[in-house]
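Participant: Its first residue numbered 1, the sequence shown is counted upward by one per residue in full-length UniProt numbering.
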Amino acid sequence: MLKRARHPTDFFALRRVGGLSAYTGRMSAMEPINTHDFPLSHEPVEEWQNVSAASAGEADTVESLESEGSAASAKESVTTGFAELGTIGGADFGLWEMSAGSMRDIEGHEVFLVISGTGRVEFDEPLRDPIELVPGSLVRLDAGMKTRWYIDGAPLRKLFIAPSEG
């Protein structure tokens, strides 16, 4: 679920929660962070990512995508937040969070560990059984997978590791 192209890249200037110093660089071995409290700026998901409750588990059609887009604009938007924390061994790692609700995505190669929140991921392509997400769940996604994310009441936060794009 890593879509860096649509996320701002200025997360490194965020202030720590409860701290006086600004987080101005990548994470280091000498400067651990609290993954539960690290602030993430959220943005609404893109229109094509909106999923209406009526279409849960159904295949996409042009008509369903158009009706979902208009239905979703009438209700509160689902948001995601992102912070790239560093690179190790040629892989990027960081935090990603999704508010309660549902969205679709086209995945990149990624391994993630759920830190907080609950929900599930359903797979449209390739078809496979849904994965329940709870703190401690370790999941691998392959590039090109078409997924639907359903997050319960509290936001779901994960630590991701993905191939570096740069």
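Virtual Cβ for every residue (Gly too), placed ideally from N, Cα, C.
Keep in mind the model is a prediction, meaning the values are calculated, not measured.
At the level of alpha carbons, what is the spacing between Ile151 and Val78?
Facilitator: As a first step, residue 151 is located in the sequence shown; it is residue number 151 there, counting from the start. As a first step, residue 78 is located in the sequence shown; it is residue number 78 there, counting from the start. Using only the alpha carbons, I get a separation of about 10 Å.
Participant: Do the region 118-127 and the region 142-156 make contact, defined as three or more Cβ pairs closer than 8 Å?
Facilitator: The answer is yes - the region 142-156 touches the region 118-127, with three or more Cβ pairs under 8 Å.
Participant: Which stretch, first to last residue, makes up the beta strand (DSSP E) that contains Phe93?
Facilitator: Walking along the sequence shown from the start, residue 93 turns up at place 93. 91-98 is the extent of the beta strand (DSSP E) around Phe93.
Participant: In the DSSP assignment, the beta strand (DSSP E) including Thr80 goes from what residue to what residue?
Facilitator: Residue 80 sits at position 80 when you count from the first residue of the sequence shown. Start and end: 79-88.
Participant: Looking only at DSSP bridge pairs, what is Asp105 linked to?
Facilitator: Mapped onto the sequence shown, residue 105 falls at position 105. Asp105 pairs with Thr147.
Participant: Please classify Glu110: does DSSP put it in a helix, a strand, or coil?
Facilitator: Translated into the one-based positions of the sequence shown, residue 110 becomes position 110. In this structure, Glu110 counts as strand in the three-state DSSP scheme.
Participant: Going by Cα to Cα distance, which pick from Ser28, Val111, Ala100 is closest to Pro155?
Facilitator: Translated into positions along the sequence shown, residue 155 becomes position 155. Selected option, being the one with the closest Cα: Ala100.
Participant: For the 8 Å Cβ check, are there 3 or more pairs between the region 81-99 and the region 129-139?
Facilitator: Output reads no: the region 129-139 does not touch the region 81-99.
Participant: Does the beta-carbon of Leu127 have 16 or more other beta-carbons within 10 angstroms, so that it is buried, or is it exposed?
Facilitator: Indexing the sequence shown from 1 puts residue 127 at position 127. The residue is exposed, with fewer than 16 neighbouring Cβ atoms inside 10 Å.
Participant: Spatial neighbours of Asp142 within its chain, please: C-beta separation below 8 Å, excluding the five flanking residues on both sides.
Facilitator: By one-based count along the sequence shown, residue 142 stands at place 142. For Asp142, where only same-chain residues beyond five positions count, the Cβ hits under 8 Å are Glu107, His109.
Participant: Please work out which residues of its chain come closer than 6 Å, Cβ to Cβ, to Arg140, disregarding the five sequence neighbours upstream and downstream, and give them in chain order.
Facilitator: Position 140 of the sequence shown holds residue 140. Closer than 6 Å at Cβ, skipping near neighbours: Val111.
Participant: Closer than 6 Å by C-beta to Arg104: which residues in its own chain qualify, once you throw out the five before and the five after it? Chain order, please.
Facilitator: Residue numbering aside, residue 104 sits at position 104 when the sequence shown is read from its first letter. Taken in chain order, the residues that qualify are Gln49, Val51, Arg148.
Participant: Assign Glu125 to one of three DSSP states: helix, strand, or coil.
Facilitator: Along the sequence shown, read from residue 1 onward, the residue named residue 125 stands at position 125. Three-state result, Glu125: strand.
Participant: Mind checking who Leu156 pairs with in its DSSP beta bridge?
Facilitator: Position 156 of the sequence shown, counting from 1, holds the residue named residue 156. Paired residue(s): Met98.
Participant: Tell me whether Glu165 is buried or exposed, calling it buried when 16 or more other Cβ atoms sit within 10 Å of its Cβ.
Facilitator: Stepping through the sequence shown from its first residue, residue 165 is reached at position 165. Flag for Glu165 reads exposed.
Participant: Would you kindly check if the distance between the Cβ of Leu40 and the Cβ of Glu97 is under 7 Å?
Facilitator: Translated into positions along the sequence shown, residue 97 becomes position 97. Translated into positions along the sequence shown, residue 40 becomes position 40. Taking 7 Å as the Cβ cut-off, Glu97 and Leu40 qualify as a contacting pair.
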